[in-house]
Amino acid sequence: MLSEMEPGAPARSGEVPLCIPFMGGNELEYVTECIRTNFVSSVGPFVTRFERMVADYVGADYAIATVNGTAALHLSLLVAGVGPGDEVVMPSLTFIAPANAVRYAGARPVFLDCERDYWQLDVDAVEVFLRERCVRRGGRVENKTTGMRIAALLPVHILGHPVEMERLGQLAAEFALPVIEDATESLGARCHGKMAGTIGDIGCFSFNGNKLITTGAGGMIVTSRMDLADRARYLSTQAKDDALEYVHHAVGYNHRLSNVLAALGCAQMERIGEHIASKLATAEHYRRALEGVPGVTTMKAASWAESVHWLFTMLIDTDTFGMDSRALMRALRSRGIHTRPLWQPLHQSPAHADSPHEPCPVAERLKREALSLPSSVGITETELRLVTDAIGSLARVPA
Ligand SMILES: *Cc1c(COP(=O)(O)O)cnc(C)c1O
1318 MLSEMEPGAP ARSGEVPLCI PFMGGNELEY VTECIRTNFV SSVGPFVTRF
1368 ERMVADYVGA DYAIATVNGT AALHLSLLVA GVGPGDEVVM PSLTFIAPAN
1418 AVRYAGARPV FLDCERDYWQ LDVDAVEVFL RERCVRRGGR VENKTTGMRI
1468 AALLPVHILG HPVEMERLGQ LAAEFALPVI EDATESLGAR CHGKMAGTIG
1518 DIGCFSFNGN KLITTGAGGM IVTSRMDLAD RARYLSTQAK DDALEYVHHA
1568 VGYNHRLSNV LAALGCAQME RIGEHIASKL ATAEHYRRAL EGVPGVTTMK
1618 AASWAESVHW LFTMLIDTDT FGMDSRALMR ALRSRGIHTR PLWQPLHQSP
1668 AHADSPHEPC PVAERLKREA LSLPSSVGIT ETELRLVTDA IGSLARVPA
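If you read the sequence shown in this note's numbering, its first letter stands for residue 1318, the second for the next number, and so on.
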């Protein structure tokens, strides 16, 4: 049982939840069709249709549906050639799943800081790390400190905003490193006009309950490289070489999405435009309403980015606002408004204590100051006003 104060605890009626699913289209009809036709397992027309819809939407040639976003990341790392003893460059400030996926592949993450404007992986830090902390030896890029091979770059587009992929891509090309994009929080976001998830070699999405579209649990790999797509699909279905005689040439995984959940995904994808429009309107409200509140800084989007504002986040300056982000979180919760801080930076996570990292002062500051605000698709004007009026009333009145 979740305690009532826990972030995952469901909101009671009358409360404003942080980020819950929105079922506004053909979800019930499509799920009913699965049950009526008995296609409830991983075989069935909705899986293929869902893959096609996501591939077409983002403009990738191939898509492979998986049981969740973490499984998508795990398979992507494997097909990109990440293996035991390798290191993978990624941001410290992210949900833990991509770092865990690196470990499942037998590799270790290297945690770098985020930039201060949009809070994404700092490409300058990646450049400094590759140029100064690594050495090229016999076609490999080696971490000078650990002696391990750098096997891939794993940018994470957090909170709906893309990483600056153009420069990251140039570095990846220069150092001959594959790029795996964790776009789980940023389906529909663009960087210099290109869709997040399609800029690197392979991209991952999640359809967890709090994401932009949801299948309850689910994920997707997208790529335009046939070799990577084929290998990912093969590994996601137990690496079957002769399905009739049960012959397998590799240790595969049971990572395939079921038809019932893909049915939900199709219905959600049909309305992705409405989902994004709701997020953008929410961001617009928060920006406008919180602009003049002393001590509040709201999430920005870069001129080269189209953010989908998955989870609207603000920073609280303790002295100016009159209380810190955690005190504000508790005060809002007592008014029935659910907010939460960002993730513990992974270079400070006990789960990844033995992974290398560079100093990450920006991530540490964001951990202290950031608070994510209610951002469900379909949140009402009344609810948004309740949130921003409460924040305004709690701020210190300027002297
Ligand atoms: C949600 C999320 C994931 C993982 O998705 P699941 O579907 O929950 O496994 C991975 N990375 C980030 C940054 C996420 O926010």
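Using N, Cα and C, we set each Cβ at its ideal position, and we do this for glycine too.
Query, Result
"Would you call the segment 1600 to 1616 in contact with the segment 1694 to 1710, where contact means no fewer than 3 C-beta pairs closer than 8 Å?", "yes"
"Cα separation between F1524 and L1581?", "10 Å"
"Count the other C-beta atoms from every protein chain shown that fall within 10 angstroms of the C-beta of A1424, then say buried if there are 16 or more, exposed otherwise.", "buried"
"Is P1415 near ligand 1, with its Cβ less than 7 Å from a heavy atom?", "yes"
"Might you give, ordered along the chain, the residues of its own chain that have their beta carbon closer than 8 Å to the beta carbon of G1331, omitting 5 neighbours on each side?", "G1653"
"Can you tell me whether V1714 is buried or exposed? The criterion is at least 16 other CB atoms within 10 Å of its CB, across all chains shown.", "exposed"
"Within the segment 1512 to 1599, note down every full beta strand (DSSP E) run reaching 3 residues or more, in order along the chain.", "1519 to 1523, 1536 to 1540 and 1557 to 1559"
"Could you please give me the residues that DSSP links to M1407 through a beta bridge?", "F1428"
"With respect to 7 Å, is the separation between the Cβ of E1498 and the closest non-hydrogen atom of ligand 1 below this value?", "no"
"At a cut-off of 7 Å, would you count S1359 as near ligand 1, judging by its Cβ distance to the nearest heavy atom?", "no"
"Restricting to Cα atoms, I'd like to know which of C1451, A1619, H1592 and A1712 is closest to W1436.", "A1619"
"Rounded to whole angstroms, what is the Cα-Cα separation between I1533 and F1629?", "According to the sequence as given, residue 1533 is Gly; it is not Ile. Each residue's alpha carbon lies about 21 Å from the other."
"Measuring only the C-alpha atoms, how far is E1675 from S1666?", "14 Å"
"Closer than 7 Å to a non-hydrogen atom of ligand 1 - does that hold for the CB of N1525?", "yes"
"Between which residues of its own chain and C1351 is the CB-CB distance below 6 Å, once the five residues before and five after are set aside?", "V1357, N1576, V1577 and A1580"
"Should M1571 be listed as close to ligand 1, given that the test is whether its C-beta is under 7 Å from any heavy atom?", "Checking the sequence, you will find Asn at residue 1571 rather than Met. Result no, Cβ not under 7 Å from ligand 1."
"Can you give, in chain order, each stretch of the alpha helix (DSSP H) that sits fully within the segment 1594 to 1660 and has at least 4 residues?", "1635 to 1638 and 1642 to 1650"
"Quick one: Cα of H1565 to Cα of T1554, how far?", "10 Å"
"With a threshold of 7 Å on Cβ separation, who are the neighbours of T1462 within its own chain once the five nearest residues in sequence on each side are excluded?", "R1450 and P1673"
"Take the Cβ of L1728 as the centre, count every other Cβ of all protein chains shown within 10 Å, and call the residue buried at 16 or more, exposed below.", "No statement about residue 1728 is possible, as the shown extent of the chain runs from 1318 to 1716 and does not include it."
"Could you tell me whether any non-hydrogen atom of ligand 1 is closer than 7 Å to the CB of A1534?", "yes"
"What first and last residue would you give for the alpha helix (DSSP H) that runs through L1683?", "P1678 to E1686"
"Just to confirm, does E1502 get its C-beta within under 7 Å of one of the non-hydrogen atoms of ligand 1?", "yes"
"To which residues of the same chain is E1698 closer than 8 Å at the C-beta, ignoring the five residues directly before and after it?", "H1602"
"Closer than 7 Å: is that where the CB of G1477 sits relative to any heavy atom of ligand 1?", "no"
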